[in-house]
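Residue numbers (full-length UniProt numbering): 1 to 123.
All C-beta atoms, glycine included, are put in the ideal place defined by N, C-alpha and C.
The structure appears below as structure tokens.
As structure tokens, then:
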């Protein structure tokens with residue numbers, strides 16, 4: 001049984017943040033939200049998530065820049081990167097920075113929940 005996990009959702013779109021927040025909260029996880037990379041990095045210092053769901057394209061720091069800063073603070077935390085743009089260069093960089101999964105937008109919520117469940121089962 002995977003139990004309760006701490007999940008951080010990082011997306012500049014409020015609708016996406018709320019949807020994922022409600023979904024994983026409904027699955028009994030502890031969930032926090034960040035609207036951008038800077039907020040996510042700050043939150044990482046106090047929240048200590050088991051898993052981060054992060055958008056690639058955000059104003060200010062994009063997903064790759066945010067991921068770099070996250071890795072300075074925490075080499076272990078699991079990250080799922082979400083993007084509407086299948087940018088091969090960014091995907092390669094994200095893989096080098098140790099993401100667990102790359103998810104295209106719009107995503108299938110059931111598929112995402114299943115993926116999260118699988119990842120948390122391995123943690």
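Residue i versus residue j - alpha carbon distance
i: residue 70; j: residue 80; result: 13 Å
i: residue 46; j: residue 26; result: 23 Å
i: residue 21; j: residue 31; result: 6 Å
i: residue 136; j: residue 78; result: With the chain covering only 1 through 123, there is no way to say anything about residue 136.
i: residue 63; j: residue 111; result: 21 Å
i: residue 89; j: residue 96; result: 11 Å
i: residue 98; j: residue 76; result: 9 Å
i: residue 17; j: residue 35; result: 8 Å
i: residue 53; j: residue 121; result: 16 Å
Where residue i falls: helix, strand or coil (DSSP)
i: residue 82; result: strand
i: residue 3; result: coil
Nearest residue (CA-CA) to residue i, options the options
i: residue 124; options: 98, 95, 101, 55; result: Not covered by the structure: residue 124. The range shown for the chain is 1 to 123.
i: residue 19; options: 107, 91, 38, 92; result: 107
i: residue 59; options: 11, 110, 43; result: 11
i: residue 40; options: 105, 8, 83, 24; result: 8
i: residue 23; options: 3, 120, 113, 33; result: 113
i: residue 73; options: 42, 35, 93; result: 42
i: residue 83; options: 94, 33, 115; result: 94
i: residue 91; options: 65, 4, 109; result: 65
i: residue 44; options: 122, 68, 120; result: 68
i: residue 6; options: 99, 61, 49; result: 49
i: residue 85; options: 118, 120, 105; result: 105
i: residue 38; options: 116, 87, 13, 61; result: 61
CB contact below 8 Å: residue i versus chain B
i: residue 53; result: Chain labels in this structure do not include chain B; a single protein chain is all it has.
Segments of 4+ residues assigned as alpha helix (DSSP H) that fall wholly inside the UniProt domain "Response regulatory" (6-120): 14-26, 37-47, 63-73, 88-96
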